[in-house]
Amino acid sequence: MAEKTLRSVSEFNDSLKLKGFKVFQIEKDSNSTKIYSRKDFYKICLTTGNSMIHYADKSYEQEGTILFFGNPHIPYSWETISTTYAGYTCLFSEDFLQVSERSESIFNSPLLKLDGTPILKITEVQREFLNGIFKKMLEEQDSDYEFKDDVIRNYIHLIIHEAMKMEPSEQYEEKKDASSRLTAVFLELLERQFPIETPDTPLNLKSAQDYANELAVHANYLNRAVKKTTGKTTSQHIAERISSEAKALLQHTDWNISEIAYSLGFEYPTYFNNFFKKITGSTPKELRTTNV
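Residue numbers (the numbering used here): 77 to 368.
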């Protein structure tokens with residue numbers, strides 16, 4: 077049974093990566109609301125039930141029908157409280173939506189921002205309307221129509237624009253102090269960049285400034301919060317995590333050192349060698365030779 081489940085998840089992820097889009101129906105207490113392992117996919121979830129959603133530094137307990145927007149760059153998790161859960165979920169990549177002037181405003185909307193509200197309370201009339209859109213997406217997904225991707229994009233745009241006209245849910249509970257919350261978000265976002273899956277896809281976020289930009293805060297503010305909470309700077313955490321990933325790649329892959337350097341965001345192998353030796357006391361080649 078476990079092997080069958082793993083195979084299903086693998087096939088799901090392979091299909092998602094290939095097409096850039098997936099819509100499916102949630103039935104009973106399905107894990108569908110929790111499938112967001114691919115870090116490069118946005119998520120829209122229309123659900124009816126009782127749940128606790130942890131998004132960035134806030135926690136929302138919701139009952140009834142809600143519309144949820146998940147941003148792959150902002151850490152979130154989902155706890156199902158009720159015994160029955162129903163609705164629809166769609167996942168899509170930024171590339172699938174084909175970023176243009178039309179969609180740029182969507183990615184900058186409060187629905188997908190760190191300091192925004194990704195959850196909307198849905199009335200029965202709104203639920204019926206949105207259910208209809210998700211059903212149409214399911215039909216298009218299974219059709220042989222040549223331009224079905226364009227139709228699905230239009231449905232996604234329609235859902236998002238309908239959501240942007242609604243009032244967001246502001247019912248949430250604060251957790252810890254501001255520095256602790258921001259640090260928790262930073263550390264989870266850092267961890268989401270790993271593991272590195274292929275040598276030809278370099279690390280996206282490499283510096284403290286990169287993370288500050290992603291979290292929409294000033295780099296100095298982020299660093300003060302992280303240093304206050306953990307005793308280490310933002311850059312130290314990033315360097316240690318990159319170093320840890322480098323060790324794993326050196327020990328458990330057959331990638332050459334240049335490929336590893338590139339995958340970790342280093343423009344030249346020399347920069348990687350110097351970085352690695354400063355952190356670990358040995359060169360990448362020495363570490364690999366020692367573990368042979």
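Ideal Cβ positions, reconstructed from N, Cα and C, are used throughout, including at glycine.
Contact between P345 and I333 is confirmed by a C-beta separation of about 6 Å, below the 8 Å threshold. For the region 192-268, the continuous beta strand (DSSP E) assignments of 3+ residues that do not extend past its boundaries occur at 195-197, in sequence order.
DSSP, read as helix, strand or coil, puts Q174 in coil. In the DSSP annotation of this structure, H294 is not part of any alpha helix (DSSP H), being labelled neither H nor E. In the DSSP assignment, Y152 falls within the beta strand (DSSP E) that extends over 152-156. Using a C-beta cut-off of 8 Å, the region 166-174 makes no contact with the region 279-287, since fewer than three inter-stretch Cβ pairs fall below that distance.
Straight-line spacing of the CA atoms in L258 and I236 works out to 27 Å. With contact defined as three or more Cβ pairs closer than 8 Å, the region 315-334 and the region 269-282 are in contact. Nearest in C-alpha terms to A315, of all of F348, K304, Y131, T305, is F348. If you look at E139, you'll find it in the beta strand (DSSP E) that goes 134-146. Look at the beta carbons and you see the region 146-156 touching the region 120-127: at least three pairs across the two are nearer than 8 Å. Residue state for F97 is assigned as strand, using DSSP reduced to three classes. Secondary-structure assignment with DSSP links L167 through a beta bridge to K98, K119.
According to DSSP, N126 shares a beta bridge with E139.
Beyond the five residues adjoining it in sequence on each side, Y231 comes within less than 7 Å, by CB distance, of I209, K212, M213 in the same chain, given in chain order.
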